[in-house]
Amino acid sequence: MSVTICESAAEAVAGISDGSTVLVGGFGLAGMPVRLVDALIDQGATDLTVVSNNAGNGDTGLAALLAKGRVRKVICSFPRQSDSYVFDGLYRDGRIELELVPQGNLAERMRAAGAGIGAFFCPTGVGTPLAEGKETREIDGRTYVLEHPIKGDVALVGAHRADRMGNLVYRKTARNFGPVMATAATTTIVQVREVVEIGELDPETVVTPGIYVDRVVAV
Amino acid sequence: MSVTICESAAEAVAGISDGSTVLVGGFGLAGMPVRLVDALIDQGATDLTVVSNNAGNGDTGLAALLAKGRVRKVICSFPRQSDSYVFDGLYRDGRIELELVPQGNLAERMRAAGAGIGAFFCPTGVGTPLAEGKETREIDGRTYVLEHPIKGDVALVGAHRADRMGNLVYRKTARNFGPVMATAATTTIVQVREVVEIGELDPETVVTPGIYVDRVVAV
Amino acid sequence: MSAGLDKGEMAARVARDIPHGAYVNLGIGQPTLVADHLDADAGVVLHTENGMLNMGRAAVGDEVDADLVNAGKIPVVEPPGAAYFHSADSFAMMRGSHLDVCVLGAFQVSAGGDIANWHTGAPDAIPAVGGAMDLAIGAKQVFVMMTLFAKDGTPKLVPDCTYPLTGVACVSRVYTDLAVFEVGGDEVVVVDVFGTTYDELSARLDVPLRRG
Amino acid sequence: MSAGLDKGEMAARVARDIPHGAYVNLGIGQPTLVADHLDADAGVVLHTENGMLNMGRAAVGDEVDADLVNAGKIPVVEPPGAAYFHSADSFAMMRGSHLDVCVLGAFQVSAGGDIANWHTGAPDAIPAVGGAMDLAIGAKQVFVMMTLFAKDGTPKLVPDCTYPLTGVACVSRVYTDLAVFEVGGDEVVVVDVFGTTYDELSARLDVPLRRG
Numbered sequence: 001m002s003v004t005i006c007e008s009a010a011e012a013v014a015g016i017s018d019g020s021t022v023l024v025g026g027f028g029l030a031g032m033p034v035r036l037v038d039a040l041i042d043q044g045a046t047d048l049t050v051v052s053n054n055a056g057n058g059d060t061g062l063a064a065l066l067a068k069g070r071v072r073k074v075i076c077s078f079p080r081q082s083d084s085y086v087f088d089g090l091y092r093d094g095r096i097e098l099e100l101v102p103q104g105n106l107a108e109r110m111r112a113a114g115a116g117i118g119a120f121f122c123p124t125g126v127g128t129p130l131a132e133g134k135e136t137r138e139i140d141g142r143t144y145v146l147e148h149p150i151k152g153d154v155a156l157v158g159a160h161r162a163d164r165m166g167n168l169v170y171r172k173t174a175r176n177f178g179p180v181m182a183t184a185a186t187t188t189i190v191q192v193r194e195v196v197e198i199g200e201l202d203p204e205t206v207v208t209p210g211i212y213v214d215r216v217v218a219v
Numbered sequence: 220m221s222v223t224i225c226e227s228a229a230e231a232v233a234g235i236s237d238g239s240t241v242l243v244g245g246f247g248l249a250g251m252p253v254r255l256v257d258a259l260i261d262q263g264a265t266d267l268t269v270v271s272n273n274a275g276n277g278d279t280g281l282a283a284l285l286a287k288g289r290v291r292k293v294i295c296s297f298p299r300q301s302d303s304y305v306f307d308g309l310y311r312d313g314r315i316e317l318e319l320v321p322q323g324n325l326a327e328r329m330r331a332a333g334a335g336i337g338a339f340f341c342p343t344g345v346g347t348p349l350a351e352g353k354e355t356r357e358i359d360g361r362t363y364v365l366e367h368p369i370k371g372d373v374a375l376v377g378a379h380r381a382d383r384m385g386n387l388v389y390r391k392t393a394r395n396f397g398p399v400m401a402t403a404a405t406t407t408i409v410q411v412r413e414v415v416e417i418g419e420l421d422p423e424t425v426v427t428p429g430i431y432v433d434r435v436v437a438v
Numbered sequence: 439m440s441a442g443l444d445k446g447e448m449a450a451r452v453a454r455d456i457p458h459g460a461y462v463n464l465g466i467g468q469p470t471l472v473a474d475h476l477d478a479d480a481g482v483v484l485h486t487e488n489g490m491l492n493m494g495r496a497a498v499g500d501e502v503d504a505d506l507v508n509a510g511k512i513p514v515v516e517p518p519g520a521a522y523f524h525s526a527d528s529f530a531m532m533r534g535s536h537l538d539v540c541v542l543g544a545f546q547v548s549a550g551g552d553i554a555n556w557h558t559g560a561p562d563a564i565p566a567v568g569g570a571m572d573l574a575i576g577a578k579q580v581f582v583m584m585t586l587f588a589k590d591g592t593p594k595l596v597p598d599c600t601y602p603l604t605g606v607a608c609v610s611r612v613y614t615d616l617a618v619f620e621v622g623g624d625e626v627v628v629v630d631v632f633g634t635t636y637d638e639l640s641a642r643l644d645v646p647l648r649r650g
Numbered sequence: 651m652s653a654g655l656d657k658g659e660m661a662a663r664v665a666r667d668i669p670h671g672a673y674v675n676l677g678i679g680q681p682t683l684v685a686d687h688l689d690a691d692a693g694v695v696l697h698t699e700n701g702m703l704n705m706g707r708a709a710v711g712d713e714v715d716a717d718l719v720n721a722g723k724i725p726v727v728e729p730p731g732a733a734y735f736h737s738a739d740s741f742a743m744m745r746g747s748h749l750d751v752c753v754l755g756a757f758q759v760s761a762g763g764d765i766a767n768w769h770t771g772a773p774d775a776i777p778a779v780g781g782a783m784d785l786a787i788g789a790k791q792v793f794v795m796m797t798l799f800a801k802d803g804t805p806k807l808v809p810d811c812t813y814p815l816t817g818v819a820c821v822s823r824v825y826t827d828l829a830v831f832e833v834g835g836d837e838v839v840v841v842d843v844f845g846t847t848y849d850e851l852s853a854r855l856d857v858p859l860r861r862g
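From first to last, the protein sequence lines stand for chains C, H, Z and A. For the first sequence, our numbering gives the first residue as 1, with consecutive numbering after it. For the second sequence, our numbering gives the first residue as 220, with consecutive numbering after it. For the third sequence, our numbering gives the first residue as 439, with consecutive numbering after it. For the fourth sequence, our numbering gives the first residue as 651, with consecutive numbering after it.
See below:
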């Protein structure tokens with residue numbers, strides 16, 4: 001159904017429930033919807049599962065959400081960074097659960113969720129600890145591991161511009177996980193730099209069509 | 220490896236072997252690489268398997284290739300059209316094999332081939348004759364059928380513009396199967412309206428990056 | 439049997455049940471007519487499976503562009519706010535249940551919501567499925583628009599489809615010239631009747647009906 | 651043991667084996683240095699898994715743009731002919747074997763071409779895999795660039811990896827400070843030796859070698 005153009009990040013994240021799975025875009029800070037994450041901290045939802053490539057930097061954004069004890073589990077590819085001390089501390093203390101997923105599988109599993117694929121046979125991780133306990137199959141002489149979709153209740157995405165139909169364009173490598181996450185969540189909430197009128201985005205260049213977008217806020 | 224900018228459609232299709240699987244872009248005539256198909260007729264390869272959404276219109280292009288008896292098998296979603304009499308005749312005479320694939324499965328199976336996915340569980344066609352004999356599985360309460368990739372030896376794609384690195388943009392609904400077919404073939408051959416210099420395509424708007432393109436010809 | 443709705447009236451009746459702001463795919467043939475009855479203010483966005491959202495009306499005269507066609511390969515126009523994507527993305531959108539409503543034609547629909555619309559099963563027929571199977575299972579709600587009886591008088595709303603299936607238990611509503619039905623539950627519910635009566639329908643159909 | 655190649659010389663040696671016109675992914679850390687040794691005329695196109703082809707050099711000064719970073723999250727520049735795509739498309743490109751060469755760092759490589767580069771296996775370590783497993787199985791050829799011996803003198807080219815694996819039987823060549831090896835076949839072939847001898851290598855490694 002139609003997109004809602006919100007007046008504030010607080011309005012955009014309203015109603016996120018305790019226990020939700022929240023997909024958070026960005027690769028490090030590129031494409032990270034920082035203002036939506038800050039608004040989620042204020043909003044108060046807890047017991048969250050966060051799916052994101054990384055597990056927070058420094059003391060702000062995702063790291064701040066973790067520091068407040070609001071995240072039960074992180075599904076990510078690369079939690080360990082030079083400034084990921086908040087996650088590191090929680091993990092070492094056993095206060096946060098981690099599902100480590102190869103980056104390409106993270107993207108493809110969310111793509112599958114958005115595309116109605118029930119599961120897929122993937123060559124990544126075969127023979128490694130990250131495939132342990134998963135079904136494998138040989139197809140045409142190559143071994144694959146069966147991977148399942150990752151669905152979100154909510155996706156928080158950072159994009160460049162939206163029009164009033166919710167069509168999105170991104171900018172440079174800040175595109176990263178945004179387009180797949182937008183397809184994989186029940187409710188997709190997007191922070192953009194600018195909302196433009198309908199007709200101002202070239203239809204050839206739209207990366208995320210408005211059908212995937214529920215709420216937009218310009219910050 | 221680097222793209223070759225060809226001088227003619229004949230040069231672009233040189234070397235296609237008998238027995239090849241050829242992916243042919245287009246939805247009806249929109250995006251159909253007509254000049255490449257004509258050049259393939261002149262080139263002479265035979266015993267082909269053609270993968271395309273339709274099975275030719277009228278007497279030209281794909282229909283002409285079929286009429287010359289050069290196609291052993293067609294894999295498509297919608298062979299029957301008002302002017303598909305060439306295919307219709309061959310099929311009724313038992314002179315051509317048909318694998319009918321739902322249109323979304325056709326696209327997704329080629330996407331899987333290009334994306335290194337070994338197989339995927341798909342809800343389309345479950346309980347219908349087109350899923351007969353295929354493995355099924357219930358996942359989270361829904362039944363899926365296992366579908367396998369469709370790889371091409373060659374893809375013939377119609378795009379709008381290419382730069383000299385092989386980056387492609389399409390135009391309107393002529394985009395259709397081109398981008399997935401370009402990823403799914405060993406050799407991807409593209410007919411465009413114009414080849415432009417490197418730097419003339421906006422990197423945000425490239426739909427098929429040059430890595431998927433082997434030969435380009437402006438016609 | 440008195441006359442029910444004509445094609446245009448059926449299309450208008452379907453249009454009435456499409457929610458404001460819905461993303462909708464209209465199958466080729468009669469369902470395409472539904473577009474003519476959608477209120478411009480309703481903000482309904484049309485999807486065409488060959489790769490476009492916010493598809494416009496049929497193109498006329500100089501508007502015709504061979505690169506811009508709908509799923510029936512008819513030239514259409516590009517309204518402001520459109521978006522293009524490739525076939526795999528288009529069917530991912532459909533298969534992933536992002537469309538609110540899909541309207542399909544059919545040979546038969548069963549009481550349980552099975553649909554048969556791609557193949558008569560005749561031995562000499564050339565089968566063609568296109569996007570029908572993807573559409574049948576892809577939208578949140580699947581509406582069928584068809585005449586209630588075939589030309590030979592046999593009902594097209596049946597206990598079980600005898601034609602080869604397109605999709606299983608996926609149709610929610612059937613819009614016909616004589617009545618609108620809810621299917622897919624334990625009973626078939628008659629929501630609306632046109633130019634006939636509930637009792638007449640009960641007598642002519644082999645499926646158990648309930649008044650809506 | 652005499653000194654072999656330094657990091658820059660190793661990177662130059664790797665660069666020498668990258669074919670003209672190749673599509674290449676350089677892993678984070680030392681492999682990034684290979685870019686500095688690629689001849690501009692060679693037409694090598696760099697891929698970064700966070701969504702870009704024809705990635706440019708590191709950005710300096712005003713060129714820095716927070717929206718344009720490489721896989722190591724270092725700002726880079728956009729040369730003419732670049733293309734952006736999302737993460738699923740980027741890893742599809744990799745997993746579908748469209749890249750010609752990928753260069754990775756490693757803790758260990760086995761004679762059979764297994765690679766371990768994501769986890770030391772230490773119980774208190776925080777595991778992080780990023781794109782390493784996708785890269786290891788994704789490119790047509792996987793090159794590893796590492797010192798041949800760890801700081802404690804133990805070999806990193808081993809009969810079998812003792813660290814948790816990143817990928818199985820996927821590495822084709824190992825570039826080290828002391829030698830270049832072909833792995834993944836029945837024997838490990840010594841292709842090149844720097845500041846040491848074949849016999850010295852044979853004596854210090856637990857894998858059977860053959861002269862190239």
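Glycine included, C-beta positions come from ideal geometry on N, C-alpha and C. Model, not experiment: these values are computed from the prediction.
Classification of residue i by the beta-carbon crowding that lies within 10 angstroms, buried from 16 upward
i, result
"residue 699 of chain A", "buried"
"residue 812 of chain A", "exposed"
"residue 240 of chain H", "buried"
"residue 94 of chain C", "exposed"
"residue 140 of chain C", "exposed"
"residue 451 of chain Z", "buried"
"residue 123 of chain C", "buried"
"residue 228 of chain H", "buried"
"residue 428 of chain H", "buried"
Interface flag, residue i vs chain C, CB-CB below 8 angstroms
i, result
"residue 668 of chain A", "no"
"residue 581 of chain Z", "no"
"residue 439 of chain Z", "Caution applies to residue 439 of chain Z, whose pLDDT of 45 falls short of 50 and renders its modelled position unreliable; the value that the coordinates give is listed next. Residue 439 of chain Z does not count as touching chain C."
Identified DSSP bridge partners for residue i
i, result
"residue 209 of chain C", "Answer is none; residue 209 of chain C lacks a bridge partner."
"residue 292 of chain H", "H:268, H:316"
"residue 754 of chain A", "A:794"
"residue 413 of chain H", "H:380"
"residue 357 of chain H", "H:362"
Neighbour flag for residue i against chain A, beta carbons, 8 angstroms
i, result
"residue 80 of chain C", "yes"
"residue 91 of chain C", "yes"
"residue 72 of chain C", "no"
"residue 33 of chain C", "no"
Bounding residues of the alpha helix (DSSP H) (the contiguous stretch that carries residue i)
i, result
"residue 741 of chain A", "737-745"
"residue 451 of chain Z", "445-454"
Residue interval of the beta strand (DSSP E) (run including residue i)
i, result
"residue 486 of chain Z", "483-486"
"residue 330 of chain H", "Premise fails: residue 330 of chain H lies in the alpha helix (DSSP H), 322-334, not in any beta strand (DSSP E)."
"residue 434 of chain H", "434-437"
"residue 461 of chain Z", "461-464"
"residue 537 of chain Z", "Segment: none, residue 537 of chain Z is in no beta strand (DSSP E) and carries neither H nor E."
Any chain H beta carbon closer than 8 angstroms to residue i
i, result
"residue 533 of chain Z", "yes"
"residue 221 of chain C", "The structure shown does not extend to residue 221 of chain C, since chain C spans only 1 to 219, so no value can be given for it."
"residue 611 of chain A", "It is not possible to answer for residue 611 of chain A, since the shown part of chain A is limited to 651 through 862."
For this session: Assess, as a yes-or-no matter, whether the stretch 166-175 of chain C is touched by the stretch 115-131 of chain C under the definition of 3 or more beta carbon pairs within less than 8 angstroms.
Result: no
For this session: Please determine if the stretch 48-57 of chain C and the stretch 749-767 of chain A are in contact, where contact requires at least 3 C-beta pairs separated by less than 8 angstroms.
Result: no
For this session: Evaluate contact between the stretch 314-331 of chain H and the stretch 286-302 of chain H, counting only Cβ atoms and requiring at least three cross-stretch pairs below 8 angstroms.
Result: yes
Exercise. Can at least three beta-carbon pairs, one atom from the stretch 733-745 of chain A and one from the stretch 170-185 of chain C, be found at a separation below 8 angstroms?
Worked result: yes
Exercise. Hey, is the stretch 407-419 of chain H in contact with the stretch 723-735 of chain A, meaning 3+ C-beta pairs nearer than 8 angstroms?
Worked result: yes
Exercise. Within the chosen definition, does the stretch 815-829 of chain A reach the stretch 757-767 of chain A through at least 3 CB pairs nearer than 8 angstroms?
Worked result: yes
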